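Data block below; observations after.
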Amino acid sequence: MKIFRVLTLLALTCCFWAGCLFAQGMTVAYQVVIQPGSNLIANQLIYKENKLSQIMPEAPAGTLVYKWDVATQQFLPPSQYSPISGWSIEYIFELGEGFLVYSPATFTNMFIGQMWAGFDPDTGSFMPPIVLGPGIVLRSCVVPIENPEFSDIIGRAPMQSEWIKWIDPATQTFYISVFTGGAWSAGFPTLLPGQAAFFGLIPEPTVAGFASLAFLITLIRKKAATKN
Numbered sequence: 013m014k015i016f017r018v019l020t021l022l023a024l025t026c027c028f029w030a031g032c033l034f035a036q037g038m039t040v041a042y043q044v045v046i047q048p049g050s051n052l053i054a055n056q057l058i059y060k061e062n063k064l065s066q067i068m069p070e071a072p073a074g075t076l077v078y079k080w081d082v083a084t085q086q087f088l089p090p091s092q093y094s095p096i097s098g099w100s101i102e103y104i105f106e107l108g109e110g111f112l113v114y115s116p117a118t119f120t121n122m123f124i125g126q127m128w129a130g131f132d133p134d135t136g137s138f139m140p141p142i143v144l145g146p147g148i149v150l151r152s153c154v155v156p157i158e159n160p161e162f163s164d165i166i167g168r169a170p171m172q173s174e175w176i177k178w179i180d181p182a183t184q185t186f187y188i189s190v191f192t193g194g195a196w197s198a199g200f201p202t203l204l205p206g207q208a209a210f211f212g213l214i215p216e217p218t219v220a221g222f223a224s225l226a227f228l229i230t231l232i233r234k235k236a237a238t239k240n
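Read left to right, the sequence shown gives residues 13 to 240 (this note's numbering).
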């Protein structure tokens, strides 16, 4: 069970996360800076139906949003933003669900909404739901906390050979860390509110999953470059 105080959201700033604007009752708002290129973003608040146009109403022209399909283990067709018509596909993102944003320019998105019902405001604690495998999932914590642990996101302790892949949006560098021998080979990333990562849950994928995922992301970059 993770315990934290909502007020801590008010004090945190970094180059990726622009900081929380307010936290009143169970309504929270914070801004996330989207960098040019690939960004792994998470929806961690409840706002209306959590449609893409509701959680990210505006973006630079040509911005692409890719929704990860766990069933097929691949990205669904991208939703492209137009200042005139909005998003081409109205995806819905559940709490804790991540998505890839490929932006041609830097912009800031404000996330605003209600906290997850499983969060106890009196004790500042929550019991995260268990994310079922096997396969690759694109996730973050269902509550917008700083530096969540594996168990806060997946709902259980990591198992041998499971892995996490994340990105530094400022440098566009991807990192992979494998859980082996009771520890992470490259440490566990500091995921901030609004930031997601790929998790490889056993019994599949194996190391081959790294290569296929890297291929998909490279393909996205090539397609985006072609459109531009």
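Where is the CB? At the ideal position from N, CA and C, for every residue including glycine. Quick caveat, the model's predicted, so the values are computed rather than measured.
Outcome for residue i when other beta-carbon atoms lying within 10 angstroms are tallied against a minimum of 16
i	result
residue 61	exposed
residue 151	buried
residue 187	exposed
residue 104	exposed
residue 112	buried
residue 57	buried
residue 199	exposed
residue 3	The structure shown does not extend to residue 3, since the chain is modelled only from 13 to 240, so the question has no answer here.
residue 164	buried
Assigned secondary structure, residue i (DSSP; H/G/I helix, E/B strand, else coil)
i	result
residue 164	helix
residue 179	strand
residue 5	Outside the displayed range of the chain (13 to 240) lies residue 5, so it cannot be described from this structure.
residue 65	helix
residue 136	coil
residue 128	coil
residue 101	coil
residue 73	coil
residue 208	coil
Of the listed residues the options, nearest to residue i (C-alpha basis)
i	options	result
residue 139	145, 155, 148, 71	155
residue 148	135, 126, 208, 89	208
residue 43	175, 118, 183, 194	118
residue 182	124, 122, 45	45
residue 106	66, 180, 92	66
residue 193	185, 203, 170, 212	170
residue 51	69, 77, 64	77
Residue i - partner residues in DSSP beta bridges
i	result
residue 45	120
residue 60	Its beta-bridge partners do not exist; DSSP assigns none.
residue 86	81
Rounded Cβ spacing between residue i and residue j (contact assumed at less than 8 Å)
i	j	result
residue 110	residue 53	7 Å
residue 142	residue 174	Not really, about 14 Å apart at Cβ, beyond 8 Å.
residue 123	residue 206	6 Å
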